[in-house]
Amino acid sequence: MNKNELYFCPLGGSGEIGMNMNLYAYGNESNKKWIIVDMGVSFADDSVPGIDLIIPDAGFIIDKKDDLLGIVLTHAHEDHIGSVAHIWPSLKCKIYATPFTAALLVEKFKEKKIDVTNYLNVVPLNSKIKLGNFEIDFITLTHSILEPNGLSIKTPLGTILHTGDWKIDPNPLIGSRIDEEKLKKIGNDGVSAMICDSTNIFSPGRAGSESQVRDSLLRIMEIKTKRILVTSFASNVARMETIFYCAKKTGRNICLVGRSMQRIYKAAKKCGYLKDLIEPLEPKDAKKVSKNKILYLATGSQGEPMGAMNRIINGIHPEVFLEEGDCVIFSSKIIPGNEKKLYHLQNLIVKNKMEIISEENAFVHVSGHPNRDDLKDMYKWVKPKCIIPVHGEHRHMVEHVSFAKEMQVPKTLLIENGDIIKILPGNNPQIVDKAPSGKIYLDGNINVNTESQSIKDRKNLSINGYLEITLIFANNGKIKKPIISYKGIPESEQSEPLVFDMEDEILNICRTFSVENKRQQKNLIETIKQNCRRIVKEKTGKKPFTNINIARI
Ligand SMILES: [Zn+2]
Ligand SMILES: [Zn+2]
38 MNKNELYFCP LGGSGEIGMN MNLYAYGNES NKKWIIVDMG VSFADDSVPG IDLIIPDAGF
98 IIDKKDDLLG IVLTHAHEDH IGSVAHIWPS LKCKIYATPF TAALLVEKFK EKKIDVTNYL
158 NVVPLNSKIK LGNFEIDFIT LTHSILEPNG LSIKTPLGTI LHTGDWKIDP NPLIGSRIDE
218 EKLKKIGNDG VSAMICDSTN IFSPGRAGSE SQVRDSLLRI MEIKTKRILV TSFASNVARM
278 ETIFYCAKKT GRNICLVGRS MQRIYKAAKK CGYLKDLIEP LEPKDAKKVS KNKILYLATG
338 SQGEPMGAMN RIINGIHPEV FLEEGDCVIF SSKIIPGNEK KLYHLQNLIV KNKMEIISEE
398 NAFVHVSGHP NRDDLKDMYK WVKPKCIIPV HGEHRHMVEH VSFAKEMQVP KTLLIENGDI
458 IKILPGNNPQ IVDKAPSGKI YLDGNINVNT ESQSIKDRKN LSINGYLEIT LIFANNGKIK
518 KPIISYKGIP ESEQSEPLVF DMEDEILNIC RTFSVENKRQ QKNLIETIKQ NCRRIVKEKT
578 GKKPFTNINI ARI
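Numbering (my numbering), first residue to last: 38 to 590.
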């Protein structure tokens, strides 16, 4: 009959690391209400020229926006909140987030000139909200950002624990430790399914603690006598506080470099964090301080071309410079895909005779995601009837399923983006349907799909170059000299310029074609296009993107 059911459906983040977006639905065929948990971005690689950001295709939930109760955000990492400001205008629903996440979200909306205050509900830490039949309990966990929340999602049919990103950090430095007792209590009350982070499933042992990194960084910095520059993820506020702590302990001034570092510092302060720290110096003042009295904390740990690190090392940063003997500490991990950029930067650093300290030669970073022993503890506390891995590529999620089986979790379910999973009623969560899902590229200000002509054209142009030919015909039907221009086509100094060959060819062709009617004109354009491309191909090996214009005077 028309009974209530509980569904889960990931639209992003299950099958990739990035652009997390999850849906939950409760109700029956005639009345089903939805919530969204997180809406993140991922970052494009060089295979799509001109594209930086990728957002999940939210069309499926946009169609149901009248039955949408709200967006609930777990934490402020880009892969969880980065696409809210892009997708929200099509939803115009309420948003729920804890203070720090809300503060960063407001700034994202401001960049898009949207006032979201009437829609944004700031949720106090460790409190509850009620959205229709969903009773959502925010549980502060530990991760690599302030205020990481797991969500206990309680419905009349049963409870789901959506972990968000987490690890077990016994001493996270800022914020409290994981509330083991609360998780155990939720477990004792019964958890039908745990939707769980898979990022570090291949890593044995434990993720480690921010406090261990602090001790290690201090030992490293204590013996340095010249400038120190630390680069790390701006969003890791505990790490930021550690660098302030090390500066104070080693008698150095601190200077924050890079826009996102300043932005996060201000947002954290505004939310009541980072109290009792030394005042950071402005870069213009920091450069007047002697070498052994300054510690820089900069963005750009992935070797991003426009990041502060890259500009400093290439000597084009207006205020910050380093020199021989200075020490650069990468207190971060390499995000897969960034290796080339990052090693290029590190090669420049060592060529300039500076010292590099990184994860590869010292203990300067811990991950924010659960290693296998952390997962084991979480399973033990929560005792879920079923584990559904998310937040991973397929290889992570497959491994997570086998690990959960090994740990005697009664049920597991391997899913991917778009799967609609019926979780309750019953004891056997199952994929019952498929929702449309996919990626949308942000191309400038425009959302385009992955098959977009603009991207295909740009790829083609960037590989093959561009050739444009304009034919001007006089009244009597005679062609004047064609105008030929091109970009991105290599030319050999020994051979004749390409234009000569093409001009001869075009004039020859025009002699044999008449341009009286549309059809003839089309044939002429096609023949010129083919023959000119052939000439360029023969001479240079490139087959350019070619455009022919016809004008009459
Ligand atoms: Zn994440
Ligand atoms: Zn995260």
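A virtual CB, placed ideally from N, CA and C, is assigned to each residue, including glycine.
Within a Cβ cutoff of 7 Å, which residues of the same chain sit near tyrosine 310, ignoring the five residues on either side of it in sequence?
Along the sequence shown, one-based indexing puts residue 310 at 273. Around tyrosine 310: Leu183, Ile211 and Val274.
Taking 8 Å as the threshold (C-beta atoms), are asparagine 347 and glycine 340 in contact?
Within the sequence shown, the letter at position 303 stands for residue 340. Within the sequence shown, the letter at position 310 stands for residue 347. It is a contact, given that the beta carbons lie within the stated cut-off.
With cysteine 308 and alanine 62 assumed to form a contact (beta carbons below 8 Å), what rounded beta-carbon distance in angstroms separates them?
Walking along the sequence shown from the start, residue 308 turns up at place 271. Walking along the sequence shown from the start, residue 62 turns up at place 25. That belief does not hold up - the Cβ atoms of cysteine 308 and alanine 62 are roughly 32 Å apart, past 8 Å.
Check whether the Cβ atoms of serine 229 and valine 403 sit closer than 8 Å, and answer yes or no.
What you label residue 229 is simply residue 192 of the sequence shown in a count that begins at 1. What you label residue 403 is simply residue 366 of the sequence shown in a count that begins at 1. Judged by their CB atoms, serine 229 and valine 403 are not nearer to each other than the 8 Å cut-off.
Hey, how far is the Cα of valine 552 from the Cα of lysine 517?
As a working mapping, residue 552 is identified with position 515 in the sequence shown. As a working mapping, residue 517 is identified with position 480 in the sequence shown. Cα-Cα distance, rounded: 14 Å.
Residues bridged to threonine 589 [DSSP beta-bridge criterion]:
Start at 1 with the first residue of the sequence shown, and residue 589 comes out as number 552. According to the sequence provided, residue 589 is arginine. The question's threonine does not apply to it. Arginine 589 is bridged by DSSP to Phe510.
Taking the CB atoms as reference points, tell me whether leucine 220 and valine 419 lie closer together than 8 Å.
Along the sequence shown, one-based indexing puts residue 220 at 183. Along the sequence shown, one-based indexing puts residue 419 at 382. Yes. Within cutoff.
So what does DSSP say about isoleucine 458, is it helix, strand or coil?
For this step, residue 458 is matched to residue 421 along the sequence shown. Look at isoleucine 458 here: in three-state DSSP terms it is strand.
Between the C-alpha atoms of aspartate 456 and asparagine 170, what's the straight-line distance to the nearest angstrom?
Start at 1 with the first residue of the sequence shown, and residue 456 comes out as number 419. Start at 1 with the first residue of the sequence shown, and residue 170 comes out as number 133. Across the structure, aspartate 456 and asparagine 170 are spaced so that their CA atoms are roughly 22 Å apart.
Where does valine 294 sit, in a helix, a strand or coil, going by DSSP?
For the purposes of this step, residue 294 is taken as residue 257 along the sequence shown, with counting starting at 1. Valine 294 falls in the strand class under three-state DSSP.
DSSP three-state assignment for lysine 219, whether helix, strand or coil
Numbered from 1 along the sequence shown, position 182 holds the residue referred to as residue 219. Here lysine 219 sits in helix by DSSP.
What does a CB cutoff of less than 7 Å around tyrosine 503 pick up in its chain, not counting 5 residues either side in sequence?
Locating residue 503 in the sequence shown gives position 466, where the first residue counts as 1. So the list reads Tyr523, Lys524, Gly525, Pro581 and Phe582, once near-sequence residues are dropped.
Assuming contact is defined by CB atoms lying nearer than 8 Å, are isoleucine 543 and isoleucine 506 in contact in what I supplied?
Mapped onto the sequence shown, residue 543 falls at position 506. Mapped onto the sequence shown, residue 506 falls at position 469. Contact flag set, yes.
Sorry if obvious, but does the Cβ on histidine 114 come closer than 7 Å to a heavy atom of ligand 1?
By 1-based counting over the sequence shown, the position of residue 114 is 77. At least one heavy atom of ligand 1 is nearer than 7 Å to the Cβ of histidine 114, so yes.
Threshold first: 4 residues or longer. Then list the alpha helix (DSSP H) segments lying entirely within the region 247-328, N to C.
For the region 247-328, the continuous alpha helix (DSSP H) assignments of 4+ residues that do not extend past its boundaries occur at 247-259, 274-286, 296-307 and 320-323, in sequence order.
Going by Cα to Cα distance, which pick from Asn554, Lys476, Tyr302 and Asn486 is closest to glycine 514?
As a working mapping, residue 514 is identified with position 477 in the sequence shown. Comparing Cα positions, the closest option is Asn554.
So which of Ser84, Glu53, Glu278 and Met231 has the shortest CA-CA distance to aspartate 252?
For the purposes of this step, residue 252 is taken as the residue at position 215 of the sequence shown. Nearest C-alpha to aspartate 252: Glu278.
Can you tell me the Cα-Cα spacing of alanine 95 and valine 85, whole angstroms?
For this step, residue 95 is matched to residue 58 along the sequence shown. For this step, residue 85 is matched to residue 48 along the sequence shown. So the two alpha carbons sit approximately 21 Å from each other.
Taking the alpha carbon of isoleucine 424 as the reference point, which residue from Met444, Arg432 and His406 has its own alpha carbon closest?
Here residue 424 refers to the residue found at position 387 when the sequence shown is read from its first residue. Selected option, being the one with the closest Cα: Met444.
Could you please give me the residues that DSSP links to glutamate 559 through a beta bridge?
Translated into positions along the sequence shown, residue 559 becomes position 522. According to the sequence displayed, residue 559 carries lysine and not glutamate. Partner(s): none; lysine 559 has no beta bridge.
For serine 248, which residues in the same chain have their Cβ closer than 7 Å to its Cβ, ignoring the five residues on either side in sequence?
Working through the sequence shown from its first residue, we reach residue 248 at position 211. So the qualifying residues of the chain are Asn208 and Leu210.
Say yes only if the C-beta of aspartate 206 is nearer than 7 Å to one or more non-hydrogen atoms of ligand 1, and no if none qualify.
The residue given as residue 206 occupies position 169 in the sequence shown. It does not: the Cβ of aspartate 206 is nowhere closer than 7 Å to a heavy atom of ligand 1.
Quick check on this structure: which residue in Ser297, Leu332, Leu379 and Tyr380 has the alpha carbon closest to the alpha carbon of phenylalanine 358?
For this step, residue 358 is matched to residue 321 along the sequence shown. Check the Cα spacing between phenylalanine 358 and each of Ser297, Leu332, Leu379 and Tyr380: the tightest is with Leu332.
Beta-carbon proximity of histidine 112 to asparagine 186, cut-off 8 Å:
Working through the sequence shown from its first residue, we reach residue 112 at position 75. Working through the sequence shown from its first residue, we reach residue 186 at position 149. It is a contact, given that the beta carbons lie within the stated cut-off.
Return helix, strand or coil for histidine 199, following the three-state DSSP convention.
Your numbering for residue 199 matches position 162 in the sequence shown. The answer is strand: DSSP assigns histidine 199 an E or B state.
The alpha helix (DSSP H) spanning threonine 549 covers which residue range?
Along the sequence shown, read from residue 1 onward, the residue named residue 549 stands at position 512. Threonine 549 -> alpha helix (DSSP H) spans 535-549.
Within 7 Å: the Cβ of aspartate 202 and any heavy atom of ligand 4?
Questions concerning ligand 4 fall outside what the structure shown contains, since the ligands it does hold are ligand 1 and ligand 2.
In this structure, does DSSP put glutamate 430 in helix, strand or coil?
Here residue 430 refers to the residue found at position 393 when the sequence shown is read from its first residue. In the structure shown, glutamate 430 adopts extended strand secondary structure according to DSSP, grouped into three states.
Check whether the region 561-578 and the region 528-544 are in contact - that is, three or more C-beta pairs closer than 8 Å.
In short, these stretches touch, since the Cβ pair count reaches three.
Three Cβ pairs or more, each shorter than 8 Å: is that satisfied between the region 365-384 and the region 395-413?
Enough Cβ pairs lie closer than 8 Å, so yes.
Outcome for arginine 243 when other beta-carbon atoms lying within 10 angstroms are tallied against a minimum of 16
Here residue 243 refers to the residue found at position 206 of the sequence shown. Buried, because 16 or more other Cβ atoms sit within 10 Å of the Cβ of arginine 243.
Considering only heavy atoms of ligand 2, does any lie closer than 7 Å to the CB of histidine 180?
Taking the sequence shown and counting its residues from 1, one reaches residue 180 at position 143. True, at least one ligand heavy atom lies under 7 Å from that Cβ.
Report, in whole angstroms, the separation of the C-beta atoms of isoleucine 238 and leucine 198, which I expect to be a contact under 8 Å.
Along the sequence shown, one-based indexing puts residue 238 at 201. Along the sequence shown, one-based indexing puts residue 198 at 161. At roughly 17 Å, the Cβ-Cβ gap does not stay under 8 Å, so isoleucine 238 and leucine 198 are not in contact.
Ignore the nearest five residues each way along the sequence and tell me which others in valine 160's own chain have a CB closer than 7 Å to its CB.
Position 123 of the sequence shown, counting from 1, holds the residue named residue 160. Closer than 7 Å at Cβ, skipping near neighbours: Tyr133, Ala134, Thr135, Ile166 and Phe175.
Continuous alpha helix (DSSP H) stretch holding threonine 177: start and end:
Residue 177 sits at position 140 when you count from the first residue of the sequence shown. Counting along the chain, threonine 177 sits inside no alpha helix (DSSP H); it lies in the beta strand (DSSP E) bounded by residues 171-177.
Hey, would you say threonine 268 sits closer than 8 Å to serine 369, going by beta carbons?
Mapped onto the sequence shown, residue 268 falls at position 231. Mapped onto the sequence shown, residue 369 falls at position 332. Yes, the pair counts as a contact, with Cβ atoms nearer than the cut-off.
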